[in-house]
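Undergrad:
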Amino acid sequence: MPVVSVNSHSFTLGGAGNVANNLRALGATVAFVGAVGGDAEGQRARTLFEEIAVDTRGMIVVSDRPTTRKTRIVAHSQQVVRADWESTAPLGAADRAAAVGRVADAGCGVFIVHARNAWLQGLSPKDNRELPPLRYEVVHRLKRDFADLTIVLNGGLTSNADIQGQLEHLDGVMLGREAYRHPWLMADWDRCFFDEPVVPRSREDVEDQMLVYMQRAVDAGEPWSHVARHLLGLRNGLPGARRWRQVWSDTSLKSESPRAVARRAHEMVRLD
Ligand SMILES: Cc1cc2nc3c(=O)[nH]c(=O)nc-3n(C[C@H](O)[C@H](O)[C@H](O)COP(=O)(O)O)c2cc1C
Numbered sequence: 050m051p052v053v054s055v056n057s058h059s060f061t062l063g064g065a066g067n068v069a070n071n072l073r074a075l076g077a078t079v080a081f082v083g084a085v086g087g088d089a090e091g092q093r094a095r096t097l098f099e100e101i102a103v104d105t106r107g108m109i110v111v112s113d114r115p116t117t118r119k120t121r122i123v124a125h126s127q128q129v130v131r132a133d134w135e136s137t138a139p140l141g142a143a144d145r146a147a148a149v150g151r152v153a154d155a156g157c158g159v160f161i162v163h164a165r166n167a168w169l170q171g172l173s174p175k176d177n178r179e180l181p182p183l184r185y186e187v188v189h190r191l192k193r194d195f196a197d198l199t200i201v202l203n204g205g206l207t208s209n210a211d212i213q214g215q216l217e218h219l220d221g222v223m224l225g226r227e228a229y230r231h232p233w234l235m236a237d238w239d240r241c242f243f244d245e246p247v248v249p250r251s252r253e254d255v256e257d258q259m260l261v262y263m264q265r266a267v268d269a270g271e272p273w274s275h276v277a278r279h280l281l282g283l284r285n286g287l288p289g290a291r292r293w294r295q296v297w298s299d300t301s302l303k304s305e306s307p308r309a310v311a312r313r314a315h316e317m318v319r320l321d
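Position 219 of the sequence shown, counted from 1, bears residue number 268 in the numbering used here, the numbering being contiguous throughout.
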């Protein structure tokens, strides 16, 4: 078993503390909102924030929760081992409401709430968009508790029916992956959700407008693929979508103009 003899030790704030520190260095006014335990480490974190003039009124003390703490043992500038104390359990309803209340007191009126709790240990960002359960009820409750705030829900919505269902409880929704996978879902949102007339527009019209944008990117020295990769879902659900997507993601075409690539892509669609 390795045994180390301790020469010195120090305490520093973690990732969020670093952000706060950098913002202070840029001259910003910074307020920190988050949960700490009712332990000595929580008190130490408060003192460290106060030393860099960060407003700590948003720190919520949860007495039966440990303050997240990571102890690194470093020998000859190499980290040998790290010991973590933390709880990954979601905050209870009262603490969650206290956190939102403090952010609102600081002047924030719009909250976009991801209905999944990220699991910060062991899950990739991709898995974190899939595996933790969706807790829509938590978001609905926030709206009931804070009727004056604008509460927007994010997470797992894939259809206009889903959106309509959420809008019965909330002020808005945000779609992540579905807007990417099936952007055409958005085509009639003006009519469905804003009571505005839909400008008749085809996918080809959209692609055509994007070509102008891509050409502008190319003229500024950027490859068209940086724009095109956000467009790849445009034809999903139509015959030929896969071939069309293959052309737009073909890096060997990078020296061709966007319009020439579009012509190729449509030739492939016609083959289907
Ligand atoms: C391509 C892509 C990029 C994303 N980038 C970010 C990001 O930079 N920061 C962030 O907080 N979330 C990011 N997200 C997460 C989304 O904002 C959203 O929270 C997540 O996809 C869950 O919503 P959904 O179930 O509708 O996809 C990204 C998602 C996708 C699909």
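Every residue, glycine too, gets a C-beta built ideally from N, C-alpha and C.
By the DSSP assignment, the beta strand (DSSP E) with Met223 in it spans what residues?
TA: As a working mapping, residue 223 is identified with position 174 in the sequence shown. That run of the beta strand (DSSP E) goes Gly221 to Met223.
Undergrad: Going by other Cβ atoms of all chains shown within 10 Å of its Cβ, with 16 needed for buried, is Arg51 buried or exposed?
TA: Taking the sequence shown and counting its residues from 1, one reaches residue 51 at position 2. What sits at residue 51 in the sequence shown is Pro, not Arg. So Pro51 ends up on the exposed side.
Undergrad: Using a threshold of 7 Å, is the CB atom of Tyr229 nearer than that to any non-hydrogen atom of ligand 1?
TA: Residue numbering aside, residue 229 sits at position 180 when the sequence shown is read from its first letter. At least one heavy atom of ligand 1 is nearer than 7 Å to the Cβ of Tyr229, so yes.
Undergrad: Classify Gln213: buried if its beta carbon has 16 or more other beta carbons within 10 angstroms, exposed otherwise.
TA: Numbered from its first residue, the sequence shown carries residue 213 at position 164. With fewer than 16 other Cβ atoms within 10 Å, it is exposed.
Undergrad: Just the C-alpha distance for Asp176 and Pro182, rounded to the nearest angstrom, thanks.
TA: Looking up residue 176 in the sequence shown gives position 127. Looking up residue 182 in the sequence shown gives position 133. Those two C-alpha atoms are separated by around 11 Å.
Undergrad: If we cut at 8 Å on Cβ distances, does Ala65 have a partner in chain B?
TA: In summary, chain B is missing from the structure at hand, where a single protein chain is found.
Undergrad: Just list the residues that DSSP pairs Arg121 with in beta bridges.
TA: Taking the sequence shown and counting its residues from 1, the one referred to as residue 121 is at position 72. The partner list for Arg121 (beta bridge, DSSP) reads Arg131.
Undergrad: Kindly indicate the opening and closing residues of the beta strand (DSSP E) around Arg106.
TA: As a working mapping, residue 106 is identified with position 57 in the sequence shown. Looking at the DSSP string, the run of the beta strand (DSSP E) that includes Arg106 is Asp104 to Val111.
Undergrad: Is Ile101 helix, strand or coil by DSSP?
TA: Here the question's residue 101 lines up with position 52 in the sequence shown. Coil.
Undergrad: Let me make sure I understand the geometry here. Which of Met108, Phe81, Arg95 and Thr120 has the alpha-carbon closest to that of His58?
TA: As a position in the sequence shown, residue 58 is number 9, starting the count at 1. The candidate whose alpha carbon is nearest that of His58 is Thr120.
Undergrad: Start and end of the beta strand (DSSP E) containing Phe160?
TA: To locate residue 160, count along the sequence shown from 1; it is residue 111. Taken as a continuous stretch (DSSP letters only), the beta strand (DSSP E) holding Phe160 covers Val159 to His163.
Undergrad: Does DSSP put Gly91 in a helix, in a strand, or in coil?
TA: For the purposes of this step, residue 91 is taken as residue 42 along the sequence shown, with counting starting at 1. Residue state, collapsed to three classes: helix.
Undergrad: Can you tell which of Gln170, Gly141, Gly107 and Ile109 has the C-alpha that lies nearest to the C-alpha of Glu135?
TA: Locating residue 135 in the sequence shown gives position 86, where the first residue counts as 1. Minimum Cα distance to Glu135 is reached at Gln170.
Undergrad: Can you list the alpha helix (DSSP H) stretches of 4 or more residues lying completely in the region 263–293, in chain order?
TA: Qualifying alpha helix (DSSP H) stretches, in chain order: 274–277.
Undergrad: With 16 other CB atoms within 10 Å as the buried threshold, where does Val223 fall?
TA: Here residue 223 corresponds to residue number 174 of the sequence shown, with the count starting at 1. Note that residue 223 corresponds to Met in the displayed sequence, not to Val. Exposed.
Undergrad: Which stretch, first to last residue, makes up the beta strand (DSSP E) that contains Asn203?
TA: Translated into the one-based positions of the sequence shown, residue 203 becomes position 154. Taken as a continuous stretch (DSSP letters only), the beta strand (DSSP E) holding Asn203 covers Thr199 to Asn203.
Undergrad: Leu191 and Ala164: beta carbons closer than 8 Å?
TA: For the purposes of this step, residue 191 is taken as residue 142 along the sequence shown, with counting starting at 1. For the purposes of this step, residue 164 is taken as residue 115 along the sequence shown, with counting starting at 1. No, the Cβ-Cβ distance between Leu191 and Ala164 is not below 8 Å.
Undergrad: Can you tell which of Gly282, Pro307 and Glu99 has its C-alpha closest to the C-alpha of Tyr262?
TA: Your numbering for residue 262 matches position 213 in the sequence shown. Out of Gly282, Pro307 and Glu99, Pro307 has the C-alpha closest to the C-alpha of Tyr262.
Undergrad: Count the other CB atoms within 10 Å of the CB of Glu256; is the residue buried (16 or more) or exposed (fewer)?
TA: Start at 1 with the first residue of the sequence shown, and residue 256 comes out as number 207. By the neighbour-count rule (16 or more Cβ atoms within 10 Å), Glu256 is buried.
Undergrad: Does the beta-carbon distance from Asp321 to Arg294 come in below 8 Å?
TA: If you number the sequence shown from 1, residue 321 lands on position 272. If you number the sequence shown from 1, residue 294 lands on position 245. Not a contact, by the Cβ cut-off of 8 Å.
Undergrad: What is the C-beta distance between Leu20 and Val187, in whole angstroms, given that I count them as a contact (C-beta under 8 Å)?
TA: Here the chain has residues from 50 to 321 only, and residue 20 is not among them.
Undergrad: For ligand 1, any of its heavy atoms closer than 7 Å to the Cβ of Asn285?
TA: In the sequence shown, residue 285 corresponds to position 236, counting from 1. Flag unset: Cβ of Asn285 not near ligand 1.
Undergrad: Here's a check: name, in chain order, each residue in its chain whose Cβ is nearer than 6 Å to the Cβ of Ile200, leaving out the five neighbours to either side.
TA: Against the sequence shown, residue 200 aligns to sequence position 151. Here the set comprises Phe160, Leu191, Lys192, Leu219 and Asp220.
Undergrad: Tell me, which residues are paired with Gly86 by DSSP?
TA: If you number the sequence shown from 1, residue 86 lands on position 37. For Gly86, which the question treats as bridged, DSSP gives the partners Val111.
Undergrad: Contact defined as beta carbons within less than 8 Å: I believe Val149 pairs with Phe98. What is the distance between those atoms, to the nearest angstrom?
TA: Start at 1 with the first residue of the sequence shown, and residue 149 comes out as number 100. Start at 1 with the first residue of the sequence shown, and residue 98 comes out as number 49. The pair is not a contact, with the Cβ atoms about 20 Å apart (cut-off 8 Å).
Undergrad: Suppose the cutoff is 8 Å on Cβ atoms and the five residues either side in sequence are ignored; what does the same chain contact list for Val247 look like?
TA: In the sequence shown, counting from the first residue as 1, residue 247 sits at position 198. Cβ within range, chain order: Ala236, Asp237, Asp239 and Arg240.
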